[in-house]
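Protein chains in written order, with my numbering: chain A, 6 to 366; chain B, 6 to 366. Here a beta-carbon is modelled for each residue, glycine too, at the ideal position from N, C-alpha and C. Everything below concerns the one structure shown next.
2 protein chains.
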Amino acid sequence: MDFSFYMPTRIVCGRDCVVKNAPLFRAFGKRALIVTGKSSAKNGSLADAEAALAANGQAYTVFSDVPNNPTVESVRAGAAAARSFGADFIIAVGGGSPMDAAKAIAMLARQDAEDIFSHPIGKDVLPMVHIPTTAGTGSEVTPYAILTNDERETKQSISAPSLFPQIAFLDGKYMQDLPQDTTVNTAIDAISHAVEGMLSTAAGELSDALAREALRSLFGEYENLRQGRYTPESRQNLLYGAAAAGMVIANTGTSPVHTLGYSLTYYHGVPHGRANGLLLPAFLARCLQKDRVRTERIYAALGMGAEEFSRKLAVLLGERESYPDSELRAWANKAAQSRKKCAVAFSEEELYGVLKESVGR
Amino acid sequence: MDFSFYMPTRIVCGRDCVVKNAPLFRAFGKRALIVTGKSSAKNGSLADAEAALAANGQAYTVFSDVPNNPTVESVRAGAAAARSFGADFIIAVGGGSPMDAAKAIAMLARQDAEDIFSHPIGKDVLPMVHIPTTAGTGSEVTPYAILTNDERETKQSISAPSLFPQIAFLDGKYMQDLPQDTTVNTAIDAISHAVEGMLSTAAGELSDALAREALRSLFGEYENLRQGRYTPESRQNLLYGAAAAGMVIANTGTSPVHTLGYSLTYYHGVPHGRANGLLLPAFLARCLQKDRVRTERIYAALGMGAEEFSRKLAVLLGERESYPDSELRAWANKAAQSRKKCAVAFSEEELYGVLKESVGR
């Protein structure tokens, strides 16, 4: 039983939790930069954050120029906004993109980094409060920010203990009108996090327990995901499950599934969670031959076998993308070079096999 | 799904984890006060802590004047030792008493508190690293320190977010020669924490998941506890289970079982865990009548019903203490006045009933 586990983010969960717990924002200073995307103004999340700040008499400004799959350019612009406003802290409101961007902004507001991907991230980072409006990334409880690295033609993460948000507010009501495709894709992302976390060399009893809890909560909503019908409780269960899965990968990292998936996203714009979902069943099935004990533990946590898992994800994914061999070969090559803490080793050829089976022509 | 959850302590778990992770101590400064009891010198824990500090070139001194059920006087002496040594941080090595004392010492080394029990604990507390050598209290992952309050004739806790240790090292090897009675009593304490946490108004999905995990790990060792035969894995499972249960009460607090139990400990020296174990089954059985849904969830987490739970604990406890009615009445009265966040309300008469059934004459 060798593991290390660290989860310093305070979780505040429940309906209207942002406004009800407005005093918690006071600890972080007088001036906030709110980092958000385009849609948070519509789902009520931005309004709640603003109401909480107003109740405390805290000043704020909104930076909403965060594109999907945020670029280095965009987070530099956000950091400039934080500096010029004199922000004491950052509030991230939105899905994975604004939440990840907020972390890079919180860092860049205090540290000069010529190359953000190689910069050694120090402790001096603006404190952050994260308010997710999708249930997938788990960014609200991780020390990771995934940014687009155009030089290396992929998405790449930066990571440091100082990038854990101070607080994550989990209120499913912001997801009430979330489109079905986004709901499904992000839920699959969370499922993938829990499964990939259990495949990690850094997995331990505690992260496995959280992975089981995440999968229990997420697959408890499977029928609703399939039918696209969500009660407030469904939304809360999905959001909670995604956060629990986030706590897993905060400690374990992900697997080559994510690395392969980044290529689908980078080159063809496949949504991140969907990309993982397309690849995960074939990857996991191969793990069964390589590390039976570990993989059976994962299927037990899923509450189903390889075939059922594959079928259930296929139902949610619908018609599959397919790509020519030349692309699959290139992606497998790229993924074979990335270092993931996966306990099950895959050769480049085997990664190609996963791609071929999942999205081959 | 309304809850809040906070667990900022980094968990490092596994054989030889203290020495293997010696560099982690460096972050806290150059001079350490090691707070310990009488037995840590024998089980190897103190030596490991000293070896880690020596490897880092950190200076230290040992304060070992911590009695069982630490007094205010003893923690004031420890704080004086920390100040005179110029300690930058505290290392707690031992069972609940040294670990709790270390928290009060870390606080008193930086804050003047005329009455330690009413003092508002600020953020300025020496950083702490906890190395438990028993598997029960969970103090290594809680913000609580339980001290003896002679004025009120009971044990009483102090609590603040700043009292969470920075790191908890969990190495079961220190418990290899732990006597059977201490092993059983502390395991029962941990079981009680998990159960009582699930009874709290502050319980939520996340703390419940950890309580289930704690009970899974602890009751997985039931046969070994009964027979007093422990492998290194058993010891690690008990220590991990106790820490998981500690994470629960860090967020939920305990129940009137603890308050009642403090009287058995204060007036008759009944070991703390044993006191809880004597009272818990009768208390929980009464909860079933008052809040069926919640209590059935707890029995499900235990993997057994009321009768089996009662019987299993009885086997571990052996011959029961018994006390006259006059004492039971007084203890029920005292417990009725304490405020616990228990979701199931008990009248003084009902608390008396629990005592009568559990330890009556």
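Beta-carbon neighbours of residue i, restricted to chain A and to distances below 7 Å
| i | result |
| --- | --- |
| E210 (chain B) | Y245 |
DSSP-derived helix/strand/coil call for residue i
| i | result |
| --- | --- |
| I193 (chain A) | helix |
| M180 (chain A) | helix |
| R221 (chain A) | helix |
| P276 (chain A) | coil |
| N61 (chain B) | helix |
| N154 (chain B) | strand |
| P13 (chain A) | strand |
| T264 (chain A) | helix |
| R115 (chain B) | coil |
| I121 (chain B) | coil |
| K345 (chain A) | coil |
| S315 (chain A) | helix |
| P137 (chain A) | strand |
| L131 (chain A) | coil |
| R231 (chain B) | helix |
| F169 (chain A) | coil |
| R325 (chain B) | coil |
| V40 (chain A) | strand |
| L204 (chain A) | coil |
| T159 (chain B) | strand |
Where residue i falls, given that 16 or more other Cβ within 10 Å makes a residue buried
| i | result |
| --- | --- |
| S144 (chain A) | buried |
| V320 (chain B) | exposed |
| E55 (chain B) | buried |
| A32 (chain B) | exposed |
| S343 (chain A) | exposed |
| R316 (chain A) | exposed |
| P184 (chain B) | exposed |
| P148 (chain A) | buried |
| Q294 (chain B) | exposed |
| N242 (chain B) | buried |
| G62 (chain B) | exposed |
| V298 (chain A) | exposed |
| R240 (chain A) | buried |
| K47 (chain A) | exposed |
| N74 (chain A) | buried |
| E158 (chain B) | exposed |
| T138 (chain B) | buried |
| A105 (chain A) | According to the sequence displayed, residue 105 (chain A) carries Asp and not Ala. D105 (chain A) is buried by the Cβ-count criterion. |
| P28 (chain A) | exposed |
Chain-ordered chain A contacts of residue i [CB-CB under 9 Å]
| i | result |
| --- | --- |
| E145 (chain B) | Within 9 Å Cβ-Cβ: nothing; E145 (chain B) doesn't reach chain A, min ~13 Å. |
| Q241 (chain B) | M6 |
Contact set between residue i and chain B, taken where Cβ atoms lie within less than 9 Å
| i | result |
| --- | --- |
| E226 (chain A) | Under the 9 Å cutoff, chain B gives no residues; its nearest Cβ is about 13 Å from E226 (chain A). |
Residues that residue i contacts on chain B, provided the C-beta gap is smaller than 7 Å
| i | result |
| --- | --- |
| E218 (chain A) | A214 |
| F33 (chain A) | Correct list: empty, because the minimum Cβ distance to chain B is about 14 Å. |
| V17 (chain A) | S9 |
| P13 (chain A) | P13 |
Spatially closest choice to residue i from the options, by CA coordinates
| i | options | result |
| --- | --- | --- |
| P132 (chain B) | B:A92, B:N154 and B:G323 | B:A92 |
| V189 (chain A) | A:N48, A:E226 and A:V349 | A:E226 |
| N154 (chain A) | A:S102, A:T191, A:T76 and A:L265 | A:T76 |
| K25 (chain A) | A:A60, A:A250, A:A86 and A:R299 | A:A60 |
| A64 (chain A) | A:K47, A:S50, A:F30 and A:G83 | A:F30 |
| T300 (chain A) | A:A199, A:G251 and A:D105 | A:A199 |
| G49 (chain B) | B:V23, B:A337, B:A85 and B:A27 | B:V23 |
| A85 (chain A) | A:M104, A:N74, A:A118 and A:R325 | A:A118 |
| E353 (chain A) | A:G365, A:K345, A:C347 and A:W336 | A:W336 |
| G251 (chain A) | A:H273, A:P276, A:G266 and A:L223 | A:L223 |
| E218 (chain B) | B:T187, B:G246 and B:A173 | B:G246 |
| G34 (chain B) | B:K47, B:A46, B:C18 and B:L58 | B:L58 |
| L367 (chain A) | A:A165, A:V349 and A:M12 | No answer is possible for residue 367 (chain A): it lies beyond the span of chain A, which begins at 6 and ends at 366. |
| P166 (chain A) | A:I126, A:G358 and A:S212 | A:I126 |
| I196 (chain A) | A:I303, A:I136, A:R115 and A:M12 | A:I303 |
| D182 (chain A) | A:S123, A:I136 and A:T236 | A:T236 |
| L38 (chain B) | B:L51, B:F68 and B:S44 | B:F68 |
Inter-residue CB distance, residue i and residue j (contact presumed, cutoff 8 Å)
| i | j | result |
| --- | --- | --- |
| L220 (chain B) | A306 (chain B) | 5 Å |
| I96 (chain B) | A248 (chain B) | About 17 Å separates the two Cβ atoms, so there is no contact after all. |
| G310 (chain A) | T257 (chain A) | Not quite, the Cβ-Cβ distance comes to about 23 Å (not below 8 Å), so this is no contact. |
| D194 (chain A) | H277 (chain A) | 6 Å |
| V262 (chain A) | L285 (chain A) | 5 Å |
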